[in-house]
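So the sequence shown is numbered by numbering that gives the first Met the number 0: it starts at 0 and just counts up by one.
Every residue gets a Cβ at the ideal spot worked out from N, C-alpha and C, and that includes glycine.
To start, the structure under review is shown below, and the notes come after it.
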Amino acid sequence: MEVENKPFLGVVLIQIIYAGYFLLTKLAFDVGMNTFVFVFYRQAAATLFLTPIAIFYHRKTAPPLSFSIFIKIFMLSLFGITMSLDIVGVGLKYTTASLGAATSNTLPVITFSLAVLLRMEKVNVRTSPGIMKVVGVTLCIFGVGIIAFYRGPFLKILIHHHLINNNNNNLQQMQPQIPSTTTWIKGVFLILLSNISWALWLVLQGRVLKIYPSKLLLTSWQCFLSTIQSFLVAVAFSRDPTQWKLGWGVPLLSVAYCGIVVSGFTFYLQAWVIEKKGPVFLAMTTPMIMVFTIIISAFVFGEIISLGSVLGALLLVVGLYFVLWGKTKEEQRECHCQPTTCDDPEKPSSSCTEQGSKRESNITTTSTLV
């Protein structure tokens, strides 16, 4: 296999994994698993998987962890992981896996908007890159509005049938259901709120990485702390002991998949793709999650898709590409206009591009550290 093709195959695998995350998570909720209990088990699985690896690789090189740094990591875990996952869990229960995958396209745009509000990014509306970024954000806002408030006719993609019904009694009783308008709107805005929380975490974690530079240890700490936090949330909202039983089947598979494959394997795969092709390349393939999720959910899980969801999702994708295009053009202009900011005046382009990629990675990678 040629080396040039490996990043493309890697990014396709990443998006398939995330499509599986939305599908298996939604399926676990549909068979009756409590959303808060699911988040606890998922984070516990991620902690058990990542902690031994982090200790093995950083047992002698771990950066010092002061009390102030610990508090910052604790707050990052609370607002960026625990709250985000708990909220998106309830949102997925109210809506569909396809909607969750579609709204993932808003994450880079929301992250960019928060960075602008926090003065970590600048937008010059007098330049074409600035105009493109503003247009992209506007399109995403309209896309979310269409998804939330316009349903339209429901689309049937050849067949809507649970192909796995025959092997699961719980799934045999499930039929494709259309959420009520009120429930749907609640779900849309809960998922959007989760994305805002997640985007804020992406912005602020860059500052924490400057004072605690080990990404693997930081990830392990956040998984561990979010496990404790999500356990307390689950105990508060689910005191029925029967809801805590995993057993064999979809719930156990979903927990293992999200905790080990999504939080573990994908972390390294994304880092490798970013190293080879850059963060923009990874972000531009985010819509593939939506495509894979819609196809699998329609043909395998019997999910019904509305015209409003399709139109809104298309606007989200177009808005995402507008923002990414504007960001890329802006970085290129900075390299040409400010060559003296580079360490080596003889090589302004490569150094500036590297600096731009580092700044941009906080905006474009959608879930590198979760």
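*asked:* Do Ser-237 and Asn-33 have their beta-carbon atoms positioned less than 8 Å apart in this structure?
replied: Against the sequence shown, residue 33 aligns to sequence position 34. Against the sequence shown, residue 237 aligns to sequence position 238. A contact, by the Cβ cut-off of 8 Å.
*Around the Cβ of Tyr-56, are there at least 16 other Cβ atoms within 10 angstroms (buried) or fewer (exposed)?*
The sequence position of residue 56 within the sequence shown is 57, counting from 1. Exposed is the call here.
_Closest to Gly-144 by C-alpha separation, out of Phe-37, Thr-126, Thr-284 and Leu-191, would be which residue?_
Numbered from 1 along the sequence shown, position 145 holds the residue referred to as residue 144. Ranking the options by Cα distance to Gly-144, first place goes to Leu-191.
*Please classify Trp-183: is it buried, with 16 or more other beta-carbons within 10 angstroms of its beta-carbon, or exposed?*
Your numbering for residue 183 matches position 184 in the sequence shown. Its Cβ being crowded by 16 or more others within 10 Å, Trp-183 is buried.
*If you follow the alpha helix (DSSP H) that Gly-129 is part of, which residue opens it and which one closes it?*
The residue you call residue 129 lines up with position 130 of the sequence shown. From DSSP, the alpha helix (DSSP H) with Gly-129 extends over 127 to 148.
*Confirm, please, whether the CB-CB distance from Leu-306 to Gly-151 is below 8 Å.*
For the purposes of this step, residue 151 is taken as the residue at position 152 of the sequence shown. For the purposes of this step, residue 306 is taken as the residue at position 307 of the sequence shown. Against a cut-off of 8 Å, the Cβ pair of Leu-306 and Gly-151 comes out as a contact.
*Along the alpha helix (DSSP H) that carries Cys-222, what are the first and last residues, could you check?*
Position 223 of the sequence shown, counted from the first residue, corresponds to residue 222. Residues 214 to 236.
*Hey, how far is the Cα of Leu-22 from the Cα of Arg-125?*
Against the sequence shown, residue 22 aligns to sequence position 23. Against the sequence shown, residue 125 aligns to sequence position 126. The straight-line gap from Cα to Cα measures roughly 43 Å.
_Collapsed DSSP secondary structure at Ser-83 in the structure displayed_ = Within the sequence shown, residue 83 is the residue found at index 84, counting from 1. Looking at Ser-83 - three-state DSSP - the assignment turns out to be helix.
*Just reading off the alpha helix (DSSP H) that Ile-13 is part of, what are its end residues?*
The residue labelled residue 13 in the question sits at position 14 within the sequence shown. From DSSP, the alpha helix (DSSP H) with Ile-13 extends over 5 to 29.
_Assuming the contact rule is C-beta atoms closer than 8 Å, Lys-275 and Pro-51 should be a hit. Round their C-beta distance to whole Å, please._
Start at 1 with the first residue of the sequence shown, and residue 275 comes out as number 276. Start at 1 with the first residue of the sequence shown, and residue 51 comes out as number 52. Lys-275 to Pro-51, Cβ: 27 Å. No contact.
*Does any heavy atom of the ligand MG sit closer than 7 Å to the C-beta of Ile-294?*
No copy of the ligand MG occurs in the structure displayed, which carries no ligand at all.
*Beta-carbon gap between Ser-83 and Trp-200 smaller than 8 Å*: Counted from its first residue, the sequence shown places residue 83 at position 84. Counted from its first residue, the sequence shown places residue 200 at position 201. For Ser-83 and Trp-200, yes; Cβs fall inside 8 Å.
_How far does the alpha helix (DSSP H) with Ala-61 in it extend, from its first residue to its last?_
Working through the sequence shown from its first residue, we reach residue 61 at position 62. Careful: Ala-61 lies outside any alpha helix (DSSP H) and carries neither H nor E.
_Within 8 Å, do at least three Cβ pairs link the stretch 107 to 119 to the stretch 35 to 44?_
no
*Are the beta-carbon atoms of Cys-257 and Thr-24 separated by less than 8 Å?*
The residue you call residue 257 lines up with position 258 of the sequence shown. The residue you call residue 24 lines up with position 25 of the sequence shown. The answer is yes: Cβ separation under 8 Å.
*Which whole-angstrom value is the C-beta distance of Ala-198 and Leu-77, which I expect to be below 8 Å?*
To locate residue 198, count along the sequence shown from 1; it is residue 199. To locate residue 77, count along the sequence shown from 1; it is residue 78. With a Cβ gap of about 16 Å, Ala-198 and Leu-77 do not count as contacting.
_Quick check: the Cα distance between Val-316 and Cys-139, rounded to an integer number of angstroms?_
Translated into the one-based positions of the sequence shown, residue 316 becomes position 317. Translated into the one-based positions of the sequence shown, residue 139 becomes position 140. For Val-316 and Cys-139, the distance between alpha carbons rounds to 8 Å.
*asked:* Using the Cβ count rule (16 or more neighbours within 10 Å means buried), how would you classify Tyr-149?
replied: On the sequence shown, position 150 is the one that residue 149 refers to. Exposed is the call here.
*Which value, in whole angstroms, describes the spacing of the CA atoms of Pro-240 and Tyr-20?*
As a first step, residue 240 must be located in the sequence shown, where it is residue number 241. As a first step, residue 20 must be located in the sequence shown, where it is residue number 21. C-alpha separation (whole angstroms): 26 Å.
_Within the continuous alpha helix (DSSP H) that includes Pro-286, where are the two ends?_
Here residue 286 corresponds to residue number 287 of the sequence shown, with the count starting at 1. Taken as a continuous stretch (DSSP letters only), the alpha helix (DSSP H) holding Pro-286 covers 286 to 298.
*asked:* Measuring straight from C-alpha to C-alpha, what distance separates Met-287 and Leu-281?
replied: In the sequence shown, counting from the first residue as 1, residue 287 sits at position 288. In the sequence shown, counting from the first residue as 1, residue 281 sits at position 282. Going by the C-alpha atoms only, they are around 11 Å apart.
*Would a C-beta distance cut-off of 8 Å place Ile-304 and Phe-153 closer than the cut-off?*
Your numbering for residue 304 matches position 305 in the sequence shown. Your numbering for residue 153 matches position 154 in the sequence shown. The answer is yes: Cβ separation under 8 Å.
*Is the distance from the Cβ of Ile-72 to the Cβ of Val-232 below 8 Å?*
Residue mapping note: residue 72 aligns to position 73 of the sequence shown, counting from 1. Residue mapping note: residue 232 aligns to position 233 of the sequence shown, counting from 1. Taking 8 Å as the Cβ cut-off, Ile-72 and Val-232 do not qualify as a contacting pair.
_Proximity winner among Gly-246, Lys-244, Met-289 and Ala-53, relative to Leu-216 (alpha-carbon distances)_ = Counting from one through the sequence shown, the residue named residue 216 turns up at place 217. Residue Ala-53 is the option with its Cα nearest to Leu-216.
*Let me know the secondary structure DSSP gives Leu-154 once reduced to three states.*
Counted from its first residue, the sequence shown places residue 154 at position 155. Strand.
*Per DSSP, what kind of secondary structure is Gln-171 in: helix, strand or coil?*
Position 172 of the sequence shown, counting from 1, holds the residue named residue 171. Because Gln-171 carries a pLDDT of 45, less than 50, the predicted location of this residue cannot be relied on, and the following value inherits that uncertainty. The answer is helix: DSSP assigns Gln-171 an H, G or I state.
*Keeping to the same chain, check which residues put their C-beta closer than 6 Å to that of Arg-332; ignore five residues upstream and five downstream.*
As a working note, residue 332 is residue 333 in the sequence shown. Cβ within range, chain order: n/a, list empty.
*DSSP-derived helix/strand/coil call for Ser-179*: Residue 179 sits at position 180 when you count from the first residue of the sequence shown. Coil, per DSSP.
*What residue range is occupied by the uninterrupted alpha helix (DSSP H) comprising Val-249?*
Along the sequence shown, read from residue 1 onward, the residue named residue 249 stands at position 250. Run containing Val-249: 249 to 255, per the alpha helix (DSSP H) assignment.
*Looking at the structure shown, is Ile-304 part of a helix, part of a strand, or coil, going by DSSP?*
In the sequence shown, residue 304 corresponds to position 305, counting from 1. Residue state, collapsed to three classes: strand.
*Quick one: grab the DSSP three-state call for Arg-118.*
The residue labelled residue 118 in the question sits at position 119 within the sequence shown. It is coil, neither helix nor strand.
*For Met-32, three-class secondary structure by DSSP*: Indexing the sequence shown from 1 puts residue 32 at position 33. Coil.
*Ordered along the chain, which non-local residues of its own chain (more than five positions away) have a Cβ less than 8 Å from that of Asn-166?*
Mapped onto the sequence shown, residue 166 falls at position 167. At Asn-166 the pLDDT is 47, less than 50, meaning the model places this residue with poor confidence; the figure from the coordinates comes in the next sentence. Excluding positions up to five away in sequence, the list is empty.
*Take the Cβ of Pro-128 as the centre, count every other Cβ of all protein chains shown within 10 Å, and call the residue buried at 16 or more, exposed below.*
Against the sequence shown, residue 128 aligns to sequence position 129. Result: buried.
*Drop a sphere of 10 angstroms on the beta-carbon of Gly-99, count the other beta-carbons inside from all chains shown, and report buried for 16 or more, exposed for fewer.*
Position 100 of the sequence shown, counted from the start, is the residue given in the question as residue 99. Buried.
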